[in-house]
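The sequence shown begins at 364 in this note's numbering and counts up by one.
Each residue gets a CB set at the ideal place from its N, CA and C atoms; glycine is no exception.
This report refers to the structure that appears directly beneath it.
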Amino acid sequence: MKIKFDTAQYINKLKKSNSYFHTFINKESLAVGVIFLKPGEKDTQDPHESDEIYYILSGNGFLQISEKSHPIKKGQVYFVAKNIPHHFYGNTENLSVLYFFS
């Protein structure tokens, strides 16, 4: 079983692909992945059936959770409860995010 993961490798692959996210751990009790959004790129995710943690690796912008907008920056962590609408937007720099689903 793989125990070491290089997030920079996954982000570099996303920079060249048509997708903006990649889940690299996908187990029944835990999913982990990265998001990479270029400025102006749209985050189209729907609410999830699991609680989620976002850790901002780099970039700027906002995280809309329900009706409230939160400015984001490197090093911040956000919790989004299951079934709550949310999305990233307004980044003027490349945005890289590590996510965890439970």
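In this structure, DSSP gives T370 a helical state, which the three-state scheme calls helix. Secondary structure at L377: helix, using DSSP grouped into helix, strand and coil.
Rounded to whole angstroms, the gap between the alpha carbons of N446 and H411 is 5 angstroms. By the neighbour-count definition (other C-beta atoms within 10 Å, threshold 16), F464 is a buried residue. In the structure shown, Y383 adopts coil according to DSSP, grouped into three states. The residue among I374, N375 and I388 with its C-alpha nearest the C-alpha of K367 is I388. If you draw a 10 Å sphere on the C-beta of F442, you find fewer than 16 other C-beta atoms in it, and that means exposed.
Taking C-alpha positions only, F425 is separated from I435 by approximately 5 angstroms.
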